[in-house]
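Per the numbering used here, the sequence shown starts with residue 53, numbered consecutively. For glycine and all other residues, C-beta sits at the position ideal for the given N, C-alpha and C. Working notes for the structure below.
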Amino acid sequence: MKKIGFQMMPFLAVIMLVGCMQVPVVDENAGDKDEVVITSFDECVAAGNPVMESYPRQCNANGENFVEEIEVPVTSSMTEAEAKVVAETSCIKGGEALGVGSYNPNSKTWWFDANLNATKPGCNPACVVSEETKTAEINWRCTGAILPEESLEESTGVTSEAALRDAFAAKYPDYAQTLSVEIKKEADGFVRGNINFAQGEAGGYFLAKMTNGVWEIVMDGNGIIPCNLSQQGFPADMLEDCAN
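What follows is the structure in structure tokens.
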């Protein structure tokens, strides 16, 4: 028995040596499993990060914004370059600039981030170009309440409707006592509304703008609204039914 045990000792020693030489396998990527490298908007969304419902949409991951890439549909009748020419003519002046454009197929508008000399707190202005009317206007894209500059009503105690009624009374003195004015849209010194000269009689629409603190009636009646009124600064939504 002693002889057999002595003969097995070298064999046991080899087994022990092999066991000591085994090195545990280390997963080199184990430390990186929780670290996901994000390089695009889709990857950002897939990782469960918050998405800002702007246009185009934006996703934020680790302090970095990823913007959704929007493919311009072939149905667009206006290229980005053509839209930018309209935007530069209507929205900016010396020292101001526009960013890269993005197209919204739902509203058929091109959007250009605008770096303007005059700013409003909490706003991120963009120049919006309508593909259909070929006109542009500034969309301030403001968040929260914006404190407006002192309005005509605040400085004089006269509302816009009352001031416009006086302007129409001076223009049409025969109807000074019977005419009425209704404002439909008002923005930054521009107004579109309806005027009725007397109860039971046909009225019409009007467009007016503020010039040196006084309302100026640019157009009134029932005729075709010319699209070139945009050159005077009228917003696109006041000229949505215009014609060249």
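Residue burial is scored here from C-beta neighbours: Glu-234 has fewer than 16 other C-beta atoms within 10 angstroms and is therefore classed as exposed. Just so you know, the alpha carbons of Arg-109 and Ile-247 end up roughly 42 Å apart.
In the structure shown, the three-state DSSP call for Phe-93 is helix. Taken atom to atom, the span from the alpha-carbon of Leu-216 to that of Pro-278 is near 21 Å.
For Arg-217, the enclosing alpha helix (DSSP H) stretches over residues 212-223. As computed with DSSP, Ser-154 is found in a beta bridge with Trp-163.
One thing to note: Glu-140 has its Cβ no nearer than 8 Å to the Cβ of Leu-168. Within the same chain, Cβ atoms closer than 7 Å to the Cβ of Gly-153 are found at Glu-132, Ala-135, Lys-136, Trp-162, Trp-163, Phe-164, the five residues on either side in sequence being excluded. Per DSSP, Lys-261 lies in no alpha helix (DSSP H); the unbroken beta strand (DSSP E) holding it starts and ends at 256-263. Note that the region 213-231 does not touch the region 275-293; fewer than 3 beta-carbon pairs, one per stretch, sit closer than 8 Å. Rounded to whole angstroms, Gln-284 and Ala-113 show a C-alpha spacing of 43 Å. Separation of Val-119 and Met-262 (C-alpha to C-alpha, rounded to the nearest whole angstrom) is 39 Å.
If the five residues before and after Lys-237 are omitted, its C-beta is found closer than 6 Å to the C-beta atoms of Arg-244, Met-290, all from its own chain and listed in chain order. Annotation for Lys-237: the continuous beta strand (DSSP E) segment containing it runs 232-239. Apart from sequence neighbours up to five positions away, the residues of its chain that approach Trp-192 with a beta-carbon distance below 7 Å are Lys-172, Cys-175, Pro-177, ordered along the chain. Counting other Cβ atoms within 10 Å of its Cβ, Ser-159 stays below 16 and is therefore classed as exposed. Separation of the CB atoms of Cys-143 and Ala-188 is rounded to 5 Å, and the pair is thereby assigned contact status at 8 Å. The shortest CA-to-CA distance from Ser-212 to any of Cys-111, Ile-269, Cys-179, Cys-96 is the one to Ile-269. Asp-272 has Phe-258 as its beta-bridge partners, per DSSP.
Shortest Cα-Cα distance from Glu-183 to any of Val-103, Glu-116, Pro-157 involves Pro-157.
If the five residues before and after Tyr-257 are omitted, its C-beta is found closer than 6 Å to the C-beta atoms of Asn-246, all from its own chain and listed in chain order. For Pro-278, DSSP records a beta bridge to Ala-295. Taking the Cα of Ile-122 as reference, the smallest distance to any Cα among Ala-260, Tyr-155, Asn-264 is reached at Tyr-155. Straight across, the Cα-Cα distance linking Gly-115 with Met-130 is about 35 Å.
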